[in-house]
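Colleague: All the letters of the sequence shown, read from the start, carry residue numbers 41 to 110 under the numbering used here.
Backbone N, C-alpha and C define an ideal beta-carbon position, used for all residues, glycine too.
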Amino acid sequence: MKETGTPKIAERCLYIRACYLAEELRCFGYRSDCPLYQKSNGKYCDEKRFDQAMDKLIDKTRAKFENLPE
41 MKETGTPKIA ERCLYIRACY LAEELRCFGY RSDCPLYQKS NGKYCDEKRF DQAMDKLIDK
101 TRAKFENLPE
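1) DSSP three-state label for A50, please.
2) Classify K79: buried if its beta carbon has 16 or more other beta carbons within 10 angstroms, exposed otherwise.
3) Closer than 7 Å by C-beta to A62: which residues in its own chain qualify, once you throw out the five before and the five after it? Chain order, please.
4) Can you give the Cα-Cα distance for R66 and E87, rounded to whole angstroms?
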């Protein structure tokens, strides 16, 4: 018997507008295996994976802004 119910609506990642990993990951805000997506949507995410992803995001952001001409 087929179950009928309300399908779960995917929420877009809250980090997508600031995420310099998006291009590298080919992400459009719905990459459910990304720790940033998981955390922003209230799903379980290993803290170590989240911290690593956030550190990488911060490092890429810092590098981008340090290389901007003044």
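Modeller: Inspection of the coordinates gives the following:
1) Within the sequence shown, residue 50 is the residue found at index 10, counting from 1. Residue state, collapsed to three classes: coil.
2) Residue mapping note: residue 79 aligns to position 39 of the sequence shown, counting from 1. Answer is buried; the Cβ neighbour count reaches 16.
3) One-based indexing of the sequence shown puts residue 62 at position 22. Here the set comprises I56.
4) Within the sequence shown, numbered from 1, the residue matching residue 66 stands at position 26. Within the sequence shown, numbered from 1, the residue matching residue 87 stands at position 47. For R66 and E87, the distance between alpha carbons rounds to 23 Å.
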